[in-house]
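If you're matching them up, the sequences are chains G and F in order. Okay, so the first sequence: first residue is 2 according to my numbering, each after it adds one. Okay, so the second sequence: first residue is 2 according to my numbering, each after it adds one. Glycine is no exception: its CB is placed at the ideal position from the N, C-alpha and C atoms. Fair warning: this is a prediction, and the values are worked out from it, not measured in the lab.
There are 2 protein chains.
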Amino acid sequence: MSKYWSKLAAGVEPYVPGEQPKDKKYIKLNTNENPYPPSARVLEAIRAAANESLKLYPDPNGEELKNTLAAYYGLKKEQIFVGNGSDEVLAFSFMAFFDPEQPILFPDITYSFYPVYARLFQIGYELIPLNEDFTLPVERFLKPNGGIIFPNPNAPTGEYVSLEAIENILRHNQEKVVIIDEAYIDFGGESAQRLVDKYPNLLVVQTFSKSRSLAGLRVGFALGHCDLIQGLERIKNSINSYTLDRLALAGAVEAVKDEAYFQTTRRRIIETRDRVIAELQKIGFKTGPSQTNFIFITHPQIKAEELFEKLKNEAILVRYFKQPKIDNYLRVSIGSDPEMDRFLEVLRKIIG
Amino acid sequence: MSKYWSKLAAGVEPYVPGEQPKDKKYIKLNTNENPYPPSARVLEAIRAAANESLKLYPDPNGEELKNTLAAYYGLKKEQIFVGNGSDEVLAFSFMAFFDPEQPILFPDITYSFYPVYARLFQIGYELIPLNEDFTLPVERFLKPNGGIIFPNPNAPTGEYVSLEAIENILRHNQEKVVIIDEAYIDFGGESAQRLVDKYPNLLVVQTFSKSRSLAGLRVGFALGHCDLIQGLERIKNSINSYTLDRLALAGAVEAVKDEAYFQTTRRRIIETRDRVIAELQKIGFKTGPSQTNFIFITHPQIKAEELFEKLKNEAILVRYFKQPKIDNYLRVSIGSDPEMDRFLEVLRKIIG
Chain G
2 MSKYWSKLAA
12 GVEPYVPGEQ
22 PKDKKYIKLN
32 TNENPYPPSA
42 RVLEAIRAAA
52 NESLKLYPDP
62 NGEELKNTLA
72 AYYGLKKEQI
82 FVGNGSDEVL
92 AFSFMAFFDP
102 EQPILFPDIT
112 YSFYPVYARL
122 FQIGYELIPL
132 NEDFTLPVER
142 FLKPNGGIIF
152 PNPNAPTGEY
162 VSLEAIENIL
172 RHNQEKVVII
182 DEAYIDFGGE
192 SAQRLVDKYP
202 NLLVVQTFSK
212 SRSLAGLRVG
222 FALGHCDLIQ
232 GLERIKNSIN
242 SYTLDRLALA
252 GAVEAVKDEA
262 YFQTTRRRII
272 ETRDRVIAEL
282 QKIGFKTGPS
292 QTNFIFITHP
302 QIKAEELFEK
312 LKNEAILVRY
322 FKQPKIDNYL
332 RVSIGSDPEM
342 DRFLEVLRKI
352 IG
Chain F
2 MSKYWSKLAA
12 GVEPYVPGEQ
22 PKDKKYIKLN
32 TNENPYPPSA
42 RVLEAIRAAA
52 NESLKLYPDP
62 NGEELKNTLA
72 AYYGLKKEQI
82 FVGNGSDEVL
92 AFSFMAFFDP
102 EQPILFPDIT
112 YSFYPVYARL
122 FQIGYELIPL
132 NEDFTLPVER
142 FLKPNGGIIF
152 PNPNAPTGEY
162 VSLEAIENIL
172 RHNQEKVVII
182 DEAYIDFGGE
192 SAQRLVDKYP
202 NLLVVQTFSK
212 SRSLAGLRVG
222 FALGHCDLIQ
232 GLERIKNSIN
242 SYTLDRLALA
252 GAVEAVKDEA
262 YFQTTRRRII
272 ETRDRVIAEL
282 QKIGFKTGPS
292 QTNFIFITHP
302 QIKAEELFEK
312 LKNEAILVRY
322 FKQPKIDNYL
332 RVSIGSDPEM
342 DRFLEVLRKI
352 IG
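Structure (structure tokens):
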């Protein structure tokens, strides 16, 4: 605490990302990164963009990336916002659409950045408890609110909610913005992006960090009615005119264009995930029907925290959340097949 | 205006950056970019970083860049904050150090992003009028305030204020943070960074966009007491854990290391600037003693707005601010020697 901090800076509780240990080489299954490298075409595009033009500011509007995403999703470029990772897009969304007076709704077990944003921007919120089985209690989102946000599939539980349920929420909430945070949608779920033209209060947020293997490039985006996108642009242009550098813009454009590579790696992760789930069940683990690139697991015979430590000792890093309701679960990112084979081998040894 | 916007989004007046026209090829002297390419070593480092590791999140703390800057400036890494361009660093600084209740002070003629930040974060401010000759009225900053910010050298006037004057302000203001925005300091002035160890309320903000020829890479940083840096980290980690991508981090590290290239290009711009000022004075222009990579000019016989249009017709883009006190001035970035020769040639033709 410093006397120079604003009340805001003193009052926040910053988000803590998954650890990036440097002490030894780990099998890193703790931050939902993609085990496969970015498309070779993406790397080529970045190398080509590493030229003299870096002396010039990037396009502040990211027009080429917006046009590329618009073509891909069958939307207009005015329906697309691009940002420095989906975290930035989410932070700007909290500023653009939520007011302090009216509490917003999100699940009690969810992406732990939401309460951080709410606190920073002094937006009240009500936590909606998930059902016992971690599914989303849709009917509890049908009451008056200042806005709604949840990930679909949810994190860290991996539970997916149908587009019918989302439409139900959208219809009951036409005066406020509903944000669907689809960081993991490419691993099995159906995107709400096809509802964007129908519901002017729907904002869909996605990222290049997971399914496009580009966590290191920092690119996220939002799809929605042009009024919502304009609201986001107003916030962005009041903070930083150029949030995406020339290299990130060039790489992201090529990532969208290399559809074949995207489909191949995405499917490979889905296959690995489903195989790992089946193997885990054989040795007594319980896990939900994940539609993401991670699994959320628990075992009746061994405490999650103990398991976390034992895995870490074996140079396997997973994510443990010491928080009520989920403190006996581990979130495990889906790595490559050899990585997951090693993970299973170690688990079999631990479980005995 | 949309019913879905928050009061905040509805109330802001976003910043408008200098235009990036696409209609034809211009000599671009309107956004203070560097006419020289980034160091070849920087481009090489970026190409080398465009590899498989982009699938992984970057270091959220930018340790290597902080260590490199710390060694360069003779500070500890805990005294350094890095961000996605100095605009983001400035925005976070407004959040971290200024409170709504007590108005901050900045000059009436200055970087036009300051009032945008203040409005976004609902921080009151008092404009301190510059002296007639655009110099900073230092004594007017010695009164009670909620914080102080100004660029040194100032923009768009180019006026530089001495470190003695800055120390005077710091001494009179020990309870509040004083931010010196040094985007242009490498073009002649002396940085306040050498006061950082002496004044715990001093934050110095710099950028790689101008003197390091990397406007397209989006890297800025702040130097200050570790308490101030921690305040900035708290805000950053409540918005976006990873503001700098792997390529920007790699490029920025190498830019600091290539001191020889930095010195060469920086000196070349200073020489061109001084030559251009001398030539402009010969044809009747008035211009102050710039310590930046731009000049702020006016001519007794021709209105600045008219001159702006005539230059644009000749494919030369400069910056015109239609605002009181400076609406008869043009801000002209220092380009390469051939670009400035063409600029002078066109001006001589216009002035006749």
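Please work out which residues of its chain come closer than 6 Å, Cβ to Cβ, to residue i, disregarding the five sequence neighbours upstream and downstream, and give them in chain order.
i: Ile303/G; result: none
i: Phe122/G; result: Phe95 and Met96
i: Tyr73/G; result: Val257
i: Val162/G; result: Leu137 and Asn153
i: Glu1/F; result: Absent from the model: residue 1/F. The displayed extent of chain F is 2 to 353, so no value can be given.
On a Cα-Cα basis, can you pick out the residue from the options that is closest to residue i?
i: Val83/F; options: Ile105/F, Ile180/F, Ser214/F and Lys237/F; result: Lys237/F
i: Leu308/F; options: Ala49/F, Gly289/F, Thr293/F and Leu331/F; result: Leu331/F
i: Phe322/F; options: Asp187/F, Asp198/F, Glu306/F and Leu312/F; result: Glu306/F
i: Ala216/F; options: Ala223/F, Leu131/F and Thr208/F; result: Thr208/F
i: Ser94/G; options: Ala11/G, Val179/G and Leu57/G; result: Val179/G
i: Glu79/F; options: Asn62/F, Asn294/F, Glu183/F and Leu218/F; result: Asn62/F
i: Leu245/G; options: Gln175/G, Phe151/G, Tyr185/G and Val90/G; result: Val90/G
i: Asp259/G; options: Ser242/G, Ala51/G, Ala49/G and Ala41/G; result: Ala41/G
i: Val206/G; options: Lys199/G, Gly189/G, Ile230/G and Leu218/G; result: Ile230/G
i: Val17/F; options: Leu143/F, Asp100/F, Ala97/F and Val117/F; result: Val117/F
i: Ser87/F; options: Glu340/F, Glu310/F, Ala256/F and Glu183/F; result: Glu183/F
i: Lys177/F; options: Ala92/F, Gly148/F, Leu9/F and Pro325/F; result: Gly148/F
i: Thr288/F; options: Asp134/F, Tyr112/F and Phe263/F; result: Asp134/F
i: Pro339/G; options: Lys283/G, Arg141/G, Ile296/G and Arg274/G; result: Arg274/G
i: Glu191/G; options: Thr111/G, Leu224/G, Ile284/G and Gln292/G; result: Gln292/G
i: Ala279/G; options: Asp60/G, Met341/G and Tyr262/G; result: Met341/G
Beta strand (DSSP E) containing residue i: first to last residue?
i: Arg332/G; result: Leu331 to Ser334
i: Tyr5/F; result: From DSSP, Tyr5/F is part of no beta strand (DSSP E); its letter is neither H nor E.
i: Ile150/F; result: Ile149 to Pro152
i: Val83/F; result: Ile81 to Gly84
What did DSSP end up calling residue i once you bin it into helix, strand or coil?
i: Ala249/F; result: helix
i: Val17/G; result: coil
i: Arg1/F; result: It is not possible to answer for residue 1/F, since the shown part of chain F is limited to 2 through 353.
i: Tyr321/G; result: strand
i: Gly232/G; result: helix
i: Thr265/G; result: helix
i: Ile327/G; result: coil
i: Phe114/F; result: coil
i: Lys211/G; result: coil
i: Ile240/G; result: coil
i: Ile270/F; result: helix
i: Lys29/F; result: strand
i: Leu281/F; result: helix
i: Lys313/G; result: helix
i: Glu102/F; result: coil
i: Phe122/F; result: coil
Following the continuous alpha helix (DSSP H) through residue i, name the residue where it begins and the one where it ends.
i: Val178/F; result: It is not in any alpha helix (DSSP H) - Val178/F carries neither H nor E in the DSSP assignment.
i: Pro339/F; result: Asp338 to Ile352
i: Ile47/G; result: Ala41 to Ala50
i: Ile170/F; result: Leu164 to Arg172
i: Glu65/G; result: Glu64 to Tyr74
Any idea which residues DSSP pairs residue i with across the strands?
i: Leu204/F; result: Ile180/F and Gly225/F
i: Glu260/G; result: Note: Glu260/G sits in no beta bridge, so no partner.
i: Ile303/F; result: His300/F
i: Thr288/G; result: Ile298/G
i: Phe93/G; result: Partner(s): none; Phe93/G has no beta bridge.
i: Pro108/G; result: Ile129/G
i: Ile186/G; result: Bridge partners of Ile186/G: none, in fact.
Ignore the nearest five residues each way along the sequence and tell me which others in residue i's own chain have a CB closer than 7 Å to its CB.
i: Asn329/G; result: Thr299, Lys304 and Ala305
i: Asp109/F; result: Leu128, Ile129, Pro130 and Leu131
i: Ser214/G; result: Asn35, Tyr37, Pro38, Pro39 and Thr266
i: Ala249/F; result: Leu218, Arg219 and Val220
i: Gly225/G; result: Gln80, Val197, Leu203, Leu204 and Val205
i: Gln194/G; result: Tyr74, Val205 and Leu224
i: His173/G; result: Leu143
i: Thr69/G; result: Val254, Val257 and Lys258
CB-CB under 8 Å to residue i, same chain, minus the five flanking residues each way: which ones, in chain order?
i: Ile317/F; result: Tyr27, Ile28, Leu30, Arg343, Phe344 and Val347
i: Arg120/G; result: Gly12, Val13 and Glu14
i: Glu64/F; result: Lys78
i: Ala49/G; result: Ala251
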